[in-house]
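> So in UniProt numbering, the last spot in the sequence shown is 645, and the numbers never skip.
All C-beta atoms, glycine included, are put in the ideal place defined by N, C-alpha and C.
Predicted model only: the values in this text are computed from it and were never measured.
One structure, as structure tokens, below. Some questions next.
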Amino acid sequence: MALPACAVRAFEPPRQPERGAPARTTCPRRHSRVEAELAASRPGSVAASVRAGPPRGVSHGFHSRPLLDKPRKASSSLAGAACAPLFALLSRGRRRRMHVLRRRWDLGSLCRVLLTRGLAALGHSLKHVLGAIFSKIFGPLASVGNMDEKSNKLLLALVMLFLFAVIVLQYVCPGTECQLLRLQAFSSPVRDPYRSEDESSARFVPRYNFTRGDLLRKVDFDIKGDDLIVFLHIQKTGGTTFGRHLVRNIQLEQPCECRVGQKKCTCHRPGKRETWLFSRFSTGWSCGLHADWTELTSCVPSVVDGKRDARLRPSRWRIFQILDAASKDKRGSPNTNAGANSPSSTKTRNTSKSGKNFHYITILRDPVSRYLSEWRHVQRGATWKASLHVCDGRPPTSEELPSCYTGDDWSGCPLKEFMDCPYNLANNRQVRMLSDLTLVGCYNLSVMPEKQRNKVLLESAKSNLKHMAFFGLTEFQRKTQYLFEKTFNMNFISPFTQYNTTRASSVEINEEIQKRIEGLNFLDMELYSYAKDLFLQRYQFMRQKEHQEARRKRQEQRKFLKGRLLQTHFQSQGQGQSQNPNQNQSQNPNPNANQNLTQNLMQNLTQSSRQKENRESLKQNSGKEQNGNTSNGTNDYIGSVEKWR
């Protein structure tokens, strides 16, 4: 079969056109068709790649289906040429435009191309930036030796040093309460750490009138002597957290030894093998699980005055013996029926036969929150079955103190069932644990009417709370820390943390249930109101006293500096007069004028100091008169301070 002339010319080498002659192509249609056939027959050509499909990495996107059918098998080359792909028959410019359009609509390929090119550009720019930085930093080292090796070694050394510093910082200062990590102090002004935790004003209107002796709590705690702190731990008041602060967070000459995996810590006095703290985390439940005021005041003196081993953890039978002996001594003493309000009974309870001083402390909480927290704790299986409830030398009988549940525990009980039990010790728990139960016949409800019993218990709890060395409130953690430090002259290492979200706060109750809980804990509500008023008045009194002492120290420093200034001034004048006596006599005809001026200034200073002493004596006398005249009632401490001024 003869080929056309244009096809024969296509296989010949291209001829160079004559100079100045335009390029010509004869038989353009046949020429393009033959070129397409030959290109399709060659492997690796553009037409073959188009016929085989899109290149690798390009997905079949929108309109990406091949425009041509698959090539069919032909018996001859002419049949194959007749069935060539239609895409290959297009012109080169149209083929390029179709290919560009196809890639433009392939969004996945476009995104991949953009991502790869962007990452490549970013890596390239980072490489140049890091290279410039290292060249600036390690430029002087390039002349010494190989720059890459030295820079890599120095960089590795810096990284290792940084990791070592982080490890040391975590070892020395664990947790987020480290003072070194408080960078916010540089950006924000110093905030009053003792501001009210609810972000309200710290000032309040007092409801009760307390004497200066009730507000001023200053315990001369001798940790090297015979003083002992006794912590009365009421359930679900935050006592566990406060107890850990006592054994792990106080700056002491000989800190408590706390071992990993053990709840109790060894808190010995400096140079002695005696404890200065009677609490859950130091001596354990030596007087029973969550012993109340009645149990502690009878058990602690007997434990301290008894054997040394009994202080650590006496047996249950030993506790009964101790409490029985203490109750017998109490019945035989002349102050057996003395009320809790009498100061003599309070003093006898705060000392032992060996002369040890016992300083009782406790923590209170809002009654509704404490009640809900105890209910949630009982839901999880807590029972406090190990509590002895020993009163007057014996535990209560099953008739005096029935149980609210029949099984091993009360887990999973609903709130309604928890509130419906009339023998639930969660009702008014804080009043019961702070009062003297021997005044009402312990747990025997038939001794006196219920109304009279509640009144006696409330007055006893108020009196014991007021005469305690210290008590704090869960809702005021920072103020609790401040008052404890001022009372016992002992400082904590890290500040207390106020947790606003607790298990009780997660319980959603309506107004009706809240009123019912307040009704079940009406004694605790009144006691908490009394305690909160006393607590905040003590806090304000101590803060004002601290400000007055700071003001007095500043005034004394000013007077001292003025005296030193006058002394140096007249000494310099005296030296000048001794050097030029004739000139001084001519200028000052009265040579004794400077001496008279000095004497007058000294007399003024002595008179001002005498007036200050007189004012202080008047303050002391007015304070004594105010303390002595308690029968007629006293003003609050704010008015007394203004009167002293």
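On the CB-based measure, 16 or more other CB atoms within 10 Å of its CB, does Glu399 come out buried or exposed?
Per the 10 Å Cβ criterion, exposed.
> Ser446 to Asp436, Cα distance in whole Å?
Ser446 and Asp436: Cα-Cα distance of roughly 17 Å.
> So, at 7 Å on beta carbons, what are the nonlocal neighbours of Glu526 in its own chain, with the 5 sequence-adjacent residues on each side left out?
Excluding residues within five positions, the ones whose Cβ falls inside 7 Å are Leu458.
> Is the separation between the beta-carbon of His359 and that of Leu228 shorter than 8 Å?
Yes, the pair counts as a contact, with Cβ atoms nearer than the cut-off.
> Let me make sure I understand the geometry here. Which of Thr502, Val303, Val219, Ala132 has the alpha-carbon closest to that of Arg365?
Of the listed residues, the one whose Cα sits closest to Arg365 is Thr502.
> By Cβ distance, which residues of its chain are closer than 8 Å to Val440, with the 5 residues on each side in sequence left out?
Here the set comprises Val447, Met448, Arg453, Val456, Leu457.
> Taking Phe471 as part of the alpha helix (DSSP H), name the residues at either end of that continuous run.
First-last for Phe471: 470 to 473, but that is the beta strand (DSSP E), not the alpha helix (DSSP H).
> On a CA-only basis, which of Gln537, Glu556, Leu154, Cys287 is nearest Asn209? Give me that one, please.
Out of Gln537, Glu556, Leu154, Cys287, Gln537 has the C-alpha closest to the C-alpha of Asn209.
> With a threshold of 16 other CB atoms inside 10 Å of the CB of Gly519, please say whether the residue is buried or exposed.
The residue in question, Gly519, is exposed, as its Cβ has fewer than 16 Cβ neighbours within 10 Å.
> Just list the alpha helix (DSSP H) runs in the segment 204 to 278, keeping only unbroken ones of 4 residues or longer that don't cross its boundaries, in chain order.
As far as the segment 204 to 278 is concerned, its whole alpha helix (DSSP H) runs of at least 4 residues are 212 to 215, 239 to 248.
> Can you have a look at Gly563 and say buried or exposed, based on whether 16 or more other CB atoms are within 10 angstroms of its CB?
Exposed, because fewer than 16 other Cβ atoms sit within 10 Å of the Cβ of Gly563.
> Give the secondary structure of Thr501 by DSSP, where H, G and I count as helix, E and B as strand, and everything else as coil.
In the structure shown, Thr501 sits in coil (DSSP, three-state: anything other than H, G, I, E or B).
> Let me make sure I understand the geometry here. Which of Phe418, Thr406, Glu295 has the alpha-carbon closest to that of Ser387?
Selected option, being the one with the closest Cα: Glu295.
> Could you tell me the alpha carbon to alpha carbon distance between Ala504 and His377, rounded to whole angstroms?
Going from the Cα of Ala504 to the Cα of His377 covers about 10 Å.
> Using the three-state DSSP reduction, which class does Thr283 fall into: helix, strand or coil?
In this structure, Thr283 counts as coil in the three-state DSSP scheme.
> Tell me the DSSP secondary structure of Ile363 in three-state form.
In this structure, Ile363 counts as strand in the three-state DSSP scheme.
> What distance in whole Å lies between the Cβ atoms of Cys404 and Cys442, which are believed to be in contact at a cut-off of 8 Å?
That pair is no contact at about 19 Å.
> Ala291 to Thr211, Cα distance in whole Å?
Their backbone Cα atoms lie some 30 Å apart in a straight line.
> Tell me the rounded alpha-carbon separation between Trp293 and Thr474.
If you take the alpha carbons of Trp293 and Thr474, they lie about 19 Å apart.
> State the Cα-Cα distance for the pair Leu246 and Trp410, rounded to the nearest angstrom.
C-alpha separation (whole angstroms): 32 Å.
> Starting from the Cα of Glu508, find the closest Cα among Gly225, Arg96, Lys553, Val368 and give me that residue.
Looking at the Cα atoms, Val368 is the closest of the given residues.
> Taking all protein chains shown into account, do 16 or more other C-beta atoms lie within 10 angstroms of the C-beta of Val159, making it buried, or fewer, making it exposed?
By the 10 Å Cβ count, Val159 comes out exposed.
> For a test of the three-state rule: what should DSSP assign to Cys299, helix, strand or coil?
Correct three-state label for Cys299: helix.
> Our contact map puts Val303 next to Ser286 with C-beta atoms below 8 Å; I'd like the distance itself, whole angstroms only.
Indeed they touch by this definition, with Cβ atoms about 6 Å apart.
> Less than 8 Å between the C-beta atoms of residue 676 and Gln481, yes or no?
In this structure the chain extends from 1 to 645, so residue 676 is not present and cannot be described.
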